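Chemist: Mind looking over this structure? Questions follow.
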Amino acid sequence: MDNIKKLFPFAYKANEPTAFIVALVIYVLIDVVCGLVIGLLTKIPIIGIVFSILGSVIGLYALIGIILSVLVFVKVLK
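Going by the numbering used here, the sequence shown opens with residue 140, and the numbers climb by one from there.
Set out below in structure tokens:
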């Protein structure tokens, strides 16, 4: 559990409504900004596959961060 807390630090601080909204905004911004940058880099013919896989991993990270934030906010996780 400590490793998850280290990987998703903003998700476990979402106890109050303002911290919850901040965590959601941070994870959405991570996903959007990295998605745009990686979307441009996937057009490079040789290493585009690597960047598309990296983009999928970053998108999954943001999704898990959002889910953990919601679970901490509704007090399912501590």
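Note that CB positions come from ideal geometry on N, CA and C, so glycine has one too.
Bear in mind that the values here come from a model prediction, so they are computed numbers and not experimental data.
Going by beta carbon distance, what residues of the same chain come within less than 6 Å of L210, once the five residues before and after it are set aside?
Modeler: Around L210: L216.
Chemist: Would you mind working out which of V171, L179 and V189 sits nearest Y200, comparing C-alpha positions?
Modeler: For the residues V171, L179 and V189, the minimum Cα distance to Y200 belongs to V171.
Chemist: Under a Cβ-count criterion, where at least 16 other Cβ atoms within 10 Å of its own Cβ denotes burial, should I192 be classed as buried or exposed?
Modeler: I192 should be labelled exposed.
Chemist: In the DSSP assignment, find the alpha helix (DSSP H) that holds T157 and state where it starts and stops.
Modeler: Unbroken alpha helix (DSSP H) run through T157: P156 to L180.
Chemist: Locate the alpha helix (DSSP H) running through A201, then write down its first and last residues.
Modeler: Taken as a continuous stretch (DSSP letters only), the alpha helix (DSSP H) holding A201 covers G187 to F212.
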